[in-house]
Each structure stands twice: as C-alpha cells, then as structure tokens.
Amino acid sequence: MIIVLRPNATEDQIQEILKHAREWGVNPDVSRGVERTIIGLIGPEEILRTKPLEAFPGVEKVVPVLKPYKRASLDYKAEPTRVVVGRGENSVSIGDRTIVVVAGPCSVETEEETIEIARAVKLAGARILRGGAFKPRTSPYSFQGLGERGLEILALARQETGLPVCTEVMDTKDVELVAKYTDILQIGARNMQNFSLLREVGRTGMPVLLKRGLSATIKEWLMSAEYILSEGNPNVILCERGIRTFETYTRNTLDLSAVPALRRETHLPIMVDPSHGGGIWSLVGPLARAAVAVGADGLMIEVHPHPMEAMSDGEQSLLPSTFERVMTECRKIARVLGREM
Ligand code: PEP
Ligand code: MN
Numbered sequence: 149m150i151i152v153l154r155p156n157a158t159e160d161q162i163q164e165i166l167k168h169a170r171e172w173g174v175n176p177d178v179s180r181g182v183e184r185t186i187i188g189l190i191g192p193e194e195i196l197r198t199k200p201l202e203a204f205p206g207v208e209k210v211v212p213v214l215k216p217y218k219r220a221s222l223d224y225k226a227e228p229t230r231v232v233v234g235r236g237e238n239s240v241s242i243g244d245r246t247i248v249v250v251a252g253p254c255s256v257e258t259e260e261e262t263i264e265i266a267r268a269v270k271l272a273g274a275r276i277l278r279g280g281a282f283k284p285r286t287s288p289y290s291f292q293g294l295g296e297r298g299l300e301i302l303a304l305a306r307q308e309t310g311l312p313v314c315t316e317v318m319d320t321k322d323v324e325l326v327a328k329y330t331d332i333l334q335i336g337a338r339n340m341q342n343f344s345l346l347r348e349v350g351r352t353g354m355p356v357l358l359k360r361g362l363s364a365t366i367k368e369w370l371m372s373a374e375y376i377l378s379e380g381n382p383n384v385i386l387c388e389r390g391i392r393t394f395e396t397y398t399r400n401t402l403d404l405s406a407v408p409a410l411r412r413e414t415h416l417p418i419m420v421d422p423s424h425g426g427g428i429w430s431l432v433g434p435l436a437r438a439a440v441a442v443g444a445d446g447l448m449i450e451v452h453p454h455p456m457e458a459m460s461d462g463e464q465s466l467l468p469s470t471f472e473r474v475m476t477e478c479r480k481i482a483r484v485l486g487r488e489m
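Rendered as structure tokens:
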C-alpha cells in the first residue's frame, strides 16, 4: 500500500502512522518529496487491508501496489534510483546522466596484468573495474578463479587506479569476505534465483549488480531484485546479459528490449553486458552501441590484453585498443541522447 499524505501533513501525523505500521509488523518506507511525503507499507495484504489507513489525520489517499514486485515498482517510487559506488572523489553514481562503464577481465589472473588492464580501461573512460575471483564455470574442471587472492588483486588495482571494483559472489558463505574487498557485489546469471544469496547480499546494504538469469522473464528478474530490496538494501543495479533462445550462433540472445521494458516497470538503474550477450568479440562493439542507443545506464565489457591466453572468455574479450574505439563510438551516441560517457 502507498499512503499519499496531504501537502500540509505534520511530522507528528507522519510519526503516528509509522508507529502504527510498526505495531502491525510492517517496515515502512518514507519518501519525503518537495511537495509531499509518501509512506510505503509492504506487508501481508490481508492484514493491511483491514487497517483504517484513510482514517489517519494527514492522509490524502491510499493506493494499493498491484504489481507483484513492490519496492522495485514505479508505483512505489517514481523517481529513478541512483546507486552510488565507491567512496570520496572516486565515487561513481549509476542511474545518472553519465553512462557508467564497468570493464576488465572475465577472471582476475595476475596482479601485473590486472593493474595493466585497470589502467588501460580507466584511460579509455571506464569508471569501474570488473574481474571474477569466484567463477561460475559450466565445467568443474575449468579454471574456477583465484578466490581470495583474486580479491586482493582487485583491491590493489583499486589502490593503483582509484577505480571502484565489481566482482561476483557465488555463495552465501563468501558474502562477508567478498564484501570486505569489493565496491559492488555481482550476482551472476546462474544465481539470479538463489534466494538465500539474494537475501544475504541484501543484508549488506552494499551496491548489488543483479544479472538476468539465463531463462528468466523480466518479472522473475524484478522479483529477485525485490528479495534484495526487501532486506532494506535499495542499491540494486539490473544487468541484461542475454538469455537462452533457440539461436546458437551467439552465446546468448541479448534482449535489448528489456531496457525500455524495465523503464516502464522500475526505478532501478539498468546496465547491459554485450560481452556475455554476444559471446564473440566482434559483436561487442555493435551491441554496446545499441545498448547505449536503447537507453542503458551503463555497460559491462570484458577486456583482456591477450585474449588468446585468457583463462576464461577470451573469445569475447576486447583488446584495450578495441575497447577504446568502442568507447569513442558509444560516447557519440550517448551525446545524441543528451548523456555523457
Ligand atoms: C561474468 O560477468 O563474468 C559472468 C560470469 O557473467 P554471467 O553471470 O552473466 O554469465
Ligand atoms: Mn566472463
């Protein structure tokens, strides 16, 4: 339920409603706009429906949230959410006019190479460094990532370049450890519906990049975001990375229609990953350009100085020089749309 207050509602009246809501076992969200204050109440509908919400002084109207995702929906919050990543002068806001690019290797491999990539992508305009330390590999015999050593390398690269970092956490037992090193906790496509993991990253309050599941509908994806939001963590970024279809030419089918579709449904920032979407390096540039054109708030792109020797996803990784060209092209498209990059 959304309680819209009258413009002249007093602080005492607001507090009275909040007090009752808590007594009913509901955790209220207050959003104080310039014109008026709105209180969001999410709890068992069958209980909330019995409460005389309209009878409270200061209440103008009570509107039910009809979508199954509540906190993620535009009914609940109409203004776009901005997720602030990192601290101080290197902090980055995702969901703003500036399109934020997250770039780096698929897997963190060595300290020297990670720092080399971080410097190169920063120079080309990336604002956040990515790199996997815990890798979700189809085969148990493939490289699984460097684990904590990989996290240490990412933290060193951040120290060297100032770029905040983004890395995947695969298991609830590792959330605390990964959170100690990273600025964004990435939930990979394969874990999009790992509900205990979603709750655990929700409890950290940290920025979470939630990738779309391999066969997840937009509704299921938003319900997963809702798990994180429902733990009191508003810092969720959605990332389209392609879905499984009958087509096998590309690794996945990048669903760019998800971007404008999500805009109709949610206030959360939306990123696109053309690397895992296309799966072939020469498709990454065109898909990145299209993602910017369709209104993405950010891009995630894999970059490696020696793709042929990469421990994972070399076939879809861009050389730093190609990445720089793709950035230049995307920037031009961003400007046409009144955005920076
Ligand atoms: C990744 O970003 O390295 C990754 C494994 O992505 P996804 O979960 O989208 O497959
Ligand atoms: Mn990868």
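If you read the sequence shown in our numbering, its first letter stands for residue 149, the second for the next number, and so on. Quick reminder that beta carbons are idealized off the backbone N, C-alpha and C, glycines included.
Are there 16 or more other CB atoms within 10 angstroms of the CB of residue i, so buried, or fewer, so exposed?
i      : result
Gln307 : exposed
Met371 : buried
Val269 : buried
Glu237 : exposed
Leu126 : In the structure as shown, the chain begins at 149 and stops at 489. Residue 126 is therefore absent and cannot be evaluated.
His96  : The chain is shown only over 149 to 489; residue 96 falls outside these bounds and no answer can be derived.
Pro176 : buried
Leu447 : buried
Ser465 : buried
What residues in its chain sit with their C-beta under 8 Å from that of residue i, if we drop five residues either side in the sequence?
i      : result
Arg411 : Ile418 and Gly443
Val210 : Met149, Ile150, Ile151, Val152, Leu201 and Glu202
Leu196 : Met149, Trp172, Val174 and Leu189
Pro468 : Ile265, Ala268, Val269, Ala272, Val451 and Pro453
Gln341 : Gly361, Ala364, Glu368 and Ser372
Spatial neighbours of residue i within its chain, please: C-beta separation below 7 Å, excluding the five flanking residues on both sides.
i      : result
Leu222 : Glu413, Thr414 and His415
Gly425 : Arg389, Gly390, Asn400, Leu402 and Leu435
Glu395 : Thr401
Ile481 : Arg437, Val440 and Ala441
Lys215 : Ser221 and Asp223
For the putative contact between residue i and residue j, defined by C-beta atoms under 8 Å, what is the C-beta separation to the nearest angstrom?
i      : j      : result
Gly427 : Glu463 : 7 Å
Gly336 : Glu316 : 5 Å
Arg245 : Glu450 : Not quite, the Cβ-Cβ distance comes to about 25 Å (not below 8 Å), so this is no contact.
Leu358 : Val384 : 6 Å
Arg338 : Pro284 : 5 Å
Ile276 : Val248 : 6 Å
Ignore the nearest five residues each way along the sequence and tell me which others in residue i's own chain have a CB closer than 6 Å to its CB.
i      : result
Ala303 : Tyr329
Gln161 : Pro205 and Gly206
Ala157 : Gly206
Arg351 : Glu379
Ala272 : Phe471, Glu472 and Met475
Pro212 : Met149
Provide the residue(s) that pair with residue i in DSSP beta bridges, ordered along the chain.
i      : result
Gln334 : Glu316 and Leu357
Lys321 : Lys321 is not bridged to any residue.
Lys209 : Val152
Asp403 : Its beta-bridge partners do not exist; DSSP assigns none.
Thr185 : Arg180
Val384 : Val356
Thr414 : Ser221
Ile391 : Thr401
Verify the CB distance criterion: does residue i have a CB-CB separation below 7 Å to chain C?
i      : result
Arg351 : No chain C is part of this structure, which consists of one protein chain only.
message: For a minimum of 4 consecutive residues, which ranges assigned as the alpha helix (DSSP H) are wholly contained in the region 221-282?
response: 259-272
- prompt: Considering only residues of the region 416-485, which uninterrupted beta strand (DSSP E) runs meet the minimum length of 3 residues and lie entirely inside it, listed in chain order?
  reply: 418-420 and 446-450
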